[in-house]
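These notes concern the structure reproduced below.
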Amino acid sequence: MSPYVLALLLFSLGLGTTMTFASSHWFLAWVGLEINTLAIIPLMAQNHHPRAVEATTKYFLIQASAAAVLLFAATTNAWLTGQWEIQQAAHPLPLAIMTLALGLKLGLAPLHSWVPEVFQGLNLTTALVLATWQKLAPLALLLQIQPPNSYLLIFLGLASTLIGGWGGLNQTQLRKILAYSSTAQLGWMVLVLQFAPSLTTLAVLVYITTAAATFLTLKLAKATNINMLAISWAKAPALMALTPLVLLSLGGLPPMTGFMPKWLILQELSKQELAPTATLAALTALLSLYYYLRLTYAMTLTMFPNNLTGTPPWRLRPRQLTLPLACLAIATISLLPLTPAAVTLAAL
112 MSPYVLALLL FSLGLGTTMT FASSHWFLAW VGLEINTLAI IPLMAQNHHP
162 RAVEATTKYF LIQASAAAVL LFAATTNAWL TGQWEIQQAA HPLPLAIMTL
212 ALGLKLGLAP LHSWVPEVFQ GLNLTTALVL ATWQKLAPLA LLLQIQPPNS
262 YLLIFLGLAS TLIGGWGGLN QTQLRKILAY SSTAQLGWMV LVLQFAPSLT
312 TLAVLVYITT AAATFLTLKL AKATNINMLA ISWAKAPALM ALTPLVLLSL
362 GGLPPMTGFM PKWLILQELS KQELAPTATL AALTALLSLY YYLRLTYAMT
412 LTMFPNNLTG TPPWRLRPRQ LTLPLACLAI ATISLLPLTP AAVTLAAL
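Here the numbering used here is used: the first residue of the sequence shown is 112, the next is one more, and so on.
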């Protein structure tokens, strides 16, 4: 792809998200979402592979359907209430439809079926953009409408943590495992969204850091399934020694950074007298933890069967920049002591 075209697409990607962030009118927010979707599609299809084209087509159809439903709900809301403002109190029926449309855009369960299939057809860099940047605009809209006392959001959050953990148990493809992981992490964000939006923001920032470290590590190792992790230790031994800690941070184990948002979210749910919800969310986190431990086991405790008399393969220097990856890995592992500062900032 031409660097000029790539720069234009990345600029459009940022423009669409920024427009959605800054808009207070439903139509402008919808235009921002459409610009965002149209900018990512050429990046998804740039490999000219049948799987990439299939994944791009699925993504386009799902996002177009969700955008159409969102525009229908916004128009219905304007018809019933006489205003297009996002932050004004909306009619309950269009508000529920908007929440479901944004859930479809995000890939929340039970509207998640497209996420693993789309991730499987992409390279890891584009999948990282899809798992992080593309979630920001719909999440910003959910944060702005904030349905009060919404059992729908609690249902979507619990279903996402459960299915995101359950779905990844029998997967062997790393991109599908990361797709289910994304759904489970989104469930945690949505659970606490109506009670403490600042905790949702904190969870998004921590997830972006941990997901970026995980995706870039797998890209450096050129691993696409669990079996390929067994030979990754020889390519970058120091990095592969840190990667299990990154995966456990993604699973939310202390004393890694990923434990911080889960701890604070469970605390907030308990304060809101939702102890059963907090208990279920904590139990579903164990499902996700299982497949992170499975990846860790494959990476550190298994040895790929090699023919010792064979010729060792050539290993060229990776062209990927490793300094950002190192910084992300350290941030993923060691920022838990900053929890008091994060709580103070969230309370402001």
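Idealized CB from N, CA, C, for every residue including glycine.
Local Cβ density within 10 Å of residue i, reported as buried at 16 or more and exposed below that
i, result
"glutamine 431", "exposed"
"glutamine 199", "exposed"
"phenylalanine 138", "exposed"
"methionine 155", "buried"
"serine 360", "buried"
"alanine 409", "buried"
"leucine 419", "For leucine 419, the predicted model reports a pLDDT of 48, less than 50, meaning its position is unreliable; a value from the coordinates is still stated below. Leucine 419 comes out exposed."
"proline 114", "exposed"
"leucine 215", "buried"
"glutamine 194", "exposed"
"asparagine 281", "exposed"
"threonine 368", "buried"
"asparagine 338", "exposed"
"threonine 128", "buried"
"threonine 455", "exposed"
"serine 381", "exposed"
"alanine 349", "exposed"
"leucine 340", "buried"
"leucine 316", "exposed"
"leucine 394", "exposed"
Check whether residue i and residue j have beta carbons under 8 Å apart
i, j, result
"serine 293", "alanine 242", "yes"
"proline 161", "leucine 120", "no"
"valine 357", "threonine 443", "yes"
"alanine 184", "proline 205", "yes"
"phenylalanine 306", "glutamate 379", "yes"
"leucine 446", "alanine 323", "no"
"leucine 250", "leucine 217", "yes"
"threonine 236", "lysine 330", "yes"
"valine 180", "isoleucine 208", "yes"
"alanine 166", "leucine 233", "yes"
Residue i versus residue j - alpha carbon distance
i, j, result
"glycine 421", "serine 399", "Since pLDDT at glycine 421 reaches only 49, below the 50 mark, its modelled position is unreliable, and no value is offered."
"leucine 299", "serine 123", "Checking the displayed sequence, the identity of residue 299 turns out to be tryptophan instead of leucine. Their backbone Cα atoms lie some 29 Å apart in a straight line."
"alanine 201", "alanine 389", "28 Å"
"isoleucine 342", "leucine 269", "36 Å"
"phenylalanine 370", "tryptophan 190", "44 Å"
"methionine 351", "tyrosine 402", "17 Å"
"histidine 136", "glutamine 255", "11 Å"
"alanine 392", "alanine 140", "31 Å"
"proline 448", "histidine 159", "45 Å"
"proline 451", "alanine 458", "11 Å"
"threonine 354", "cysteine 438", "13 Å"
"threonine 411", "tryptophan 244", "30 Å"
"arginine 286", "alanine 386", "33 Å"
"leucine 404", "leucine 219", "24 Å"
"alanine 347", "alanine 332", "8 Å"
"leucine 267", "leucine 117", "35 Å"
"glycine 276", "leucine 364", "15 Å"
"glutamine 284", "glutamine 231", "8 Å"
"proline 468", "tyrosine 318", "In the structure displayed, the chain extends from 112 to 459; residue 468 sits before or after that span and is not available."
"glutamate 196", "glutamine 257", "13 Å"
"leucine 297", "lysine 246", "9 Å"
"leucine 434", "leucine 222", "37 Å"
"alanine 440", "asparagine 188", "45 Å"
"glycine 125", "serine 134", "14 Å"
"tyrosine 170", "isoleucine 265", "25 Å"
"glycine 278", "alanine 396", "12 Å"
"valine 164", "leucine 149", "14 Å"
"alanine 312", "glycine 362", "The amino acid at residue 312 is misidentified as alanine; the sequence shows threonine. When rounded, the distance between both Cα atoms is 18 Å."
"threonine 413", "leucine 304", "40 Å"
"glutamine 157", "phenylalanine 326", "19 Å"
"leucine 182", "alanine 295", "27 Å"
"methionine 112", "proline 308", "39 Å"
"proline 104", "threonine 186", "In this structure the chain extends from 112 to 459, so residue 104 is not present and cannot be described."
"serine 261", "threonine 168", "33 Å"
Integer Cβ distance of residue i from residue j, believed to fall under 8 Å
i, j, result
"leucine 406", "leucine 310", "In fact, because the Cβ distance is near 27 Å, the residues do not count as touching under 8 Å."
"leucine 263", "threonine 192", "In fact, because the Cβ distance is near 19 Å, the residues do not count as touching under 8 Å."
"threonine 131", "alanine 314", "Not confirmed; about 19 Å, so no contact."
"leucine 436", "threonine 328", "7 Å"
8 Å Cβ cutoff, residue i in contact with chain E
i, result
"alanine 163", "Going by chain labels, chain E is absent from the structure shown, which holds only one protein chain."
Any non-hydrogen atom of the ligand MG closer than 7 Å to residue i Cβ
i, result
"alanine 334", "With respect to the ligand MG, the structure offers nothing, as it holds no ligand at all."
*Is there contact here, the region 143-153 with the region 171-179, by at least three beta-carbon pairs under 8 Å?*
The answer is yes - the region 171-179 touches the region 143-153, with three or more Cβ pairs under 8 Å.
*Contact between the region 278-292 and the region 213-230: three or more CB pairs below 8 Å?*
yes
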